[in-house]
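FYI, the numbering for the sequence shown is 55 to 1144, going by this note's numbering. C-beta: ideal position from N, C-alpha, C; glycine also. Comments concern the structure below.
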Amino acid sequence: RPAGRPFLVTARPRGGELRCWSARSSKGQRAHALTSGAAQLGLGSILERLGAVERVLAGYEPDDLAQVARLLHGRATALCGELLQRARALRVAGEAATATPAATRMPPEAVPKLAKRLQQLSEEQRTAVLCPHSIFLQGRSGTGKTVVLVNRLLHRRGGSAGGGAQHLFVTKSSLLRDDVALALTSAGCQVSEAQLSCGPRAGVRCFTWQQLVQEFYGGKAAASVNYEHFLRVYWPDLQKRIYQQPPYLIWAEFTTKLRPFSRAGGGGKGISLQEYLANDLSALGIPLHRRDLESIHRLFSHYAAMKRRNGAVDDVDVAAEMLRRLCARGLSVDHIYVDEAQDFSPWELTVLLRLCRNPDGVSVAGDTCQTISPGSAFSFADIAAAFVAGGGSPRCRVLTLRCNYRCSPGVAALANSVVSLLLERFPASADPVEEVTVSVERPVPPVFAELPGSTAGEVITGSGPQRLTDLVDPRRVAILVRTDAARQRLRQQGVRGTILTVPESKGLEYGLVVLCDLLTDCPAFFKAELWRLADERSKETELVTRTAEAWKSHRGGQSASLDALRDSHSSQVLLSRLACAVPELKLLYVAVTRAQRGCIFLETRQRPEVWAPLLQRWLQGKAVVCCRGIGDYLRSLAPDASEEDHSQGLPALAPMLEPRFPQQAGSAAIGEAGRDLQARGQQLLAHALDDPRERWHVFAEARHALLAGVAAAQVGFAMREGSPELAAAMGEACREHSWRGGSELRLLRRLQVWSNVYSFLAPATETDTYNAAALAAERVAECHVLCAELREQAVLAKAWHLLGGTRHDSVACAREGALARELRKATDKWRALHGQRQQLLAGATSSHLTAATPAAVAAAAAAASERLLPSYNACAARAASCDEAGRAFLAVRRPSLAAEAHTEAAEALQDLLRRCDAPIWSTATEPACRALAAARAEAWKQETRAARCWLLAAQTTAPPGEQATKTPQGAAASLAPVGPPADSEAAKALRHAEECLSRVGRPAEAALLATAAGRPREALRQARLAATAARQRPTQRAGEPLGLLAAAALGEQFWLPGSAGRESEAKVNEKWCAKVRARMAARAEAATAK
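Structure below.
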């Protein structure tokens, strides 16, 4: 490079800063530029190798540096990449960075000794880590519960008895599991990925609950009954049997009180009525009347009977079956660590507690204020009591973490205000914790904006000339709403960004959170009653306060006041309605604590009197700053703007809040925006995969973030320093071929050619065009690879969203179910009239047969045909979504998922065909017959596609050297004659493909796949079916040789000695097998000659 022009050897830290080293600078300056901050991470080996590269570069003159730099640039880039990976691993491993004060944050590699590691923790955390007995750790959001569990595991594993012990970390979040596994690995602890039942007895494992369910319950391991399914299918019948009790309360009783911790078996049966009446405190923390308890117990019996009739199970049934299988197999571990215990039901926690054989080896952490999952309601005292009753150590301790290290002081104060209201009104609904904030920052309270007459989209994105044309930054800002309908309303108003419901956001964190119409959209049937609980003088507050005092007196032996409340029917009904305030306040707490720096309540409806008591309570405690009207809103958040600026429209919300709630420095760097959005999109994708049934809408938000990453990467590439003209030309050369055609510039592949091209575009001061072209090529390649990764992940997110919608969209499922019921009813009527008409034609005489006139039968047929078309359209739409999802999965090389999607598309149509399999449908109207024929053809097509995808899955999962092809013949010929192991993924894929081909009437190819999978008897059965079909249809005689080939592909291994039945069957088929072997030999000779 010319003098004064540094040659860039760039390392891109997470903050986005570009470091450059000049060939003329001194060695000390270069070393300081690289090692500042990195030497403290214990990364000396990488720094020494980078230093060697720099010493080689420093020995050359500037004119000769270019050729040497090109040779060493690859090595330096690799070392910088390794440095970045190590630094990112330490950043994730240092969970203490978000859970301990900044002065005590140190990466594990810098403190290899346990004593120094424990010095990072607070006194409460250190006490929990060093406790020799089982602990049940409670703490609010951001108090460092995960840090305690990780350090407790490392401490116990490093003890005298920890080397040969088996440690198991369990949570429901795959994001948390991966972070913990990375933290343990960075601390020198090897984490095993083997299954619990077949791996080594000693070691450390990090699993999600879903992984344990798949291992010990089998199949997809998804319970068919959740709260939404309960509301849609079971509650319409159950609510007729109970008077004025909310469904949330009933579901909580079903999953918590009627099937509690301590029951040893019969998870689906529940406890007896006497046991249930022994404790009249409901799962939500309010006392219930005896007659209500008896009604709920009878209702549970009806619910269990309905489940048995439908062949359905819920999460408690799955956990009960898991416990039975674990006990039968005798599996256990020495130490178990459960994080985010509030996401588990009591029965799921029972399974985990009994999985530990060490009475002092249980560590459970959670926050009962975050039990927003329907049916999850308990206290840590209940867990500890159940643990001791189940054989655990009576010396176990319930510990508390009080210091919040994650949220800013303003957010923490607002969260504490919500929790204090919850515990004042419902003392038994959560465990009390006196939380304090460890921060030296000045508290900046969140904002509560009442903007009636404005739309939320207009406030968020701005209006007029100040309207935000780009999306709301998904890296730092999240918009939380209550329902999916509110999310779609914001999308229609032009809001682009991450929009989540509060349950979907649980487990995620953002710098700024916008709570959009969260108070307005609460359930309408008790909206006014709910927020009047914040008023000390309201009748609702008086009722719950008297109930809490009466319950305390009842515990002390005085039941008169509680009995008086129970005997008042109006009080009992109102109290049952107010019980739903418990999950609402917990939902509000979770929404507020998703924010790290700040949050804003945005209420745009004309109902400020609804939440007025709650707002007044917050204003008295200085927990929020209120803005009423557009003028007050602009004066509070944009005080430096002039009146002329205000008259031009509303500014965008996020930039206006940036000065009030500043983010971390460097988070908005353009060079790293694409990578940051990719990380956020991957986080949302993994978060949705943890529970696709509840979070399938999050897949769409992940896709939006990934597509925003594509745009950000392209913008960042265009705004980099260098030669934009050359970079644009190279970018055009890298454009992929599409229906628009490819770029002719892609013919230019040599760097020297591009250097010559750049010599005409370069400014006069540019002399080294070759290195400039090389640097531009590297940037183009980096941007191209990043955009390709982002697009592939966006396609994967879209595929999951389509498949999740077909599986879990409650609205679509309810509509399709209603259409199916109407079709069944019309078909039954038509079948009955048709049968009566046939009896009349046969000479039967009866008074009830006179209605079966030809006109009545024709009208019934027309009515059934009319009902068929909407049902067909619904099934066809679901099949089309599954088919599109399958194609998307196949585009990103996920053949197993593609096969599942195509199979579900076929099943959607086959369900319709099964409902219309009666002979009378052959006489239906012409549109109905065309619809059935189209459904039959499409089902056959989807089954065939599923078979091909399963063959691709077998190809990708087969061992090396056993590559399959897209055809059954190739699969049978390429896999070994003995077939893959029966429990391997390849064998399972082949079996699925065989089933699909058998269903579509292709037994010869199914026989080939059975042969390839090492299942000779099934191959012989399918071969016989193929031969029979070929004899019945002479025009398709080509199927017979395939069937014969499949039957004899295993040769002499076909019939194993030791079974008289098999020997006799072998004698019967001896002549046939000899004929097949001769044919195989002839084919082999022909192939050899060819």
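Rounded straight-line distance, which links the Cα of Ser336 to that of Tyr391: 28 Å
Under the three-state DSSP convention, the category Pro577 falls into: coil
Residue range of the beta strand (DSSP E) that includes Arg1145: This structure cannot settle anything about residue 1145, because the visible part of the chain is limited to 55 through 1144.
Cβ pair Leu303, Ala633 closer than 8 Å: yes
Closest by C-alpha distance to Ser483, when choosing among Ala373, Ala1143, Arg869, Ser474: Ser474
Contact belief for Leu566 with Ala466 at Cβ below 8 Å, rounded distance in angstroms: Incorrect: roughly 15 Å between the Cβ atoms, too far for contact.
Assigned secondary structure, Val498 (DSSP; H/G/I helix, E/B strand, else coil): coil
Within 8 Å, strictly: CB atoms of Gln847 and Gln737: no
Top-ranked residue by Cα proximity to Leu477, from Val387, Ile340, Glu348: Ile340
CA nearest to the CA of Gln892, picked from Leu951, Ala1060, Ile974, Cys576: Ile974
Gly1033 classed as buried or exposed, judged by whether at least 16 other C-beta atoms fall within 10 angstroms: Residue confidence is low: Gly1033 scores 45 on pLDDT, short of 50, so the model does not pin down where it sits. Its coordinate-derived value is still stated next. So Gly1033 counts as buried.
Continuous beta strand (DSSP E) assignments of at least 3 residues falling wholly in the region 644-694: 649-657, 679-682
C-alpha gap between Asn810 and Glu779, whole angstroms: If I take the Cα positions, the gap works out to 14 Å.
Nearest-angstrom Cα separation, counted from Ala373 out to Arg411: 18 Å
Cut-off 6 Å between Cβ atoms - residues of its own chain near Thr310, not counting five sequence neighbours on either side: Ala337, Pro400, Ala431
From Val764, Ala1043, Ala830, Tyr281, residue whose alpha carbon lies closest to that of Pro301: Nearest of Val764, Ala1043, Ala830, Tyr281 to Pro301, Cα basis: Tyr281.
Cut-off 7 Å between Cβ atoms - residues of its own chain near His888, not counting five sequence neighbours on either side: Cβ within range, chain order: Val911, Ile974.
Option nearest Ala953 by Cα separation, candidates Val946, Ala962, Gln964, Gly940: Gly940
Validate contact between the region 453-471 and the region 186-198 using beta carbons, cut 8 Å, 3 pairs: yes
Thr509 and Gln542 closer than 8 Å at C-beta: no
Under the three-state DSSP convention, the category Ala419 falls into: strand
Gly814 burial status per 10 Å Cβ neighbour count (16 or more: buried): It is Phe, not Gly, that sits at residue 814 in the sequence shown. Phe814 comes out exposed.
Of the residues Cys970, Leu688, Val946, the one placed nearest Gln702, counting alpha carbons only: Comparing Cα positions, the closest option is Leu688.
Inter-residue Cα distance where the pair is Gly212 and Trp750: For the pair Gly212 and Trp750, the Cα-to-Cα distance works out to about 41 Å.
Same chain only: Cβ atoms within 6 Å of Thr491, ignoring 5 sequence neighbours per side: Asn458, Pro463, Ala466
Neighbourhood of Pro314 by C-beta distance below 6 Å, restricted to the same chain and skipping five residues each side: Pro400
Check whether Leu587 and Thr574 have beta carbons under 8 Å apart: No. Outside cutoff.
Alpha carbon of Arg1045 to alpha carbon of Arg1053, nearest angstrom: Distance between the alpha carbons of Arg1045 and Arg1053: 12 Å.
Terminal residues of the beta strand (DSSP E) in which Cys570 lies: 564-570
Ala918 versus Ala933 - alpha carbon distance: 22 Å
Residue environment, Ala1140, which counts as buried when at least 16 other CB atoms sit within 10 Å: Note on Ala1140: under 16 other CB atoms within 10 angstroms of its CB, so exposed under the neighbour-count rule.
Secondary structure of Val472, DSSP reduced to three states: helix
C-beta atoms of Val849 and Ala756 nearer than 8 Å: Taking a C-beta distance under 8 Å as the contact criterion, Val849 and Ala756 do not qualify as a contact pair.
Every unbroken beta strand (DSSP E) inside the region 257-315 [3 residues or more]: 257-262
Straight-line Cα distance separating Asn205 from Gly444: 27 Å
Residue environment, Arg352, which counts as buried when at least 16 other CB atoms sit within 10 Å: exposed
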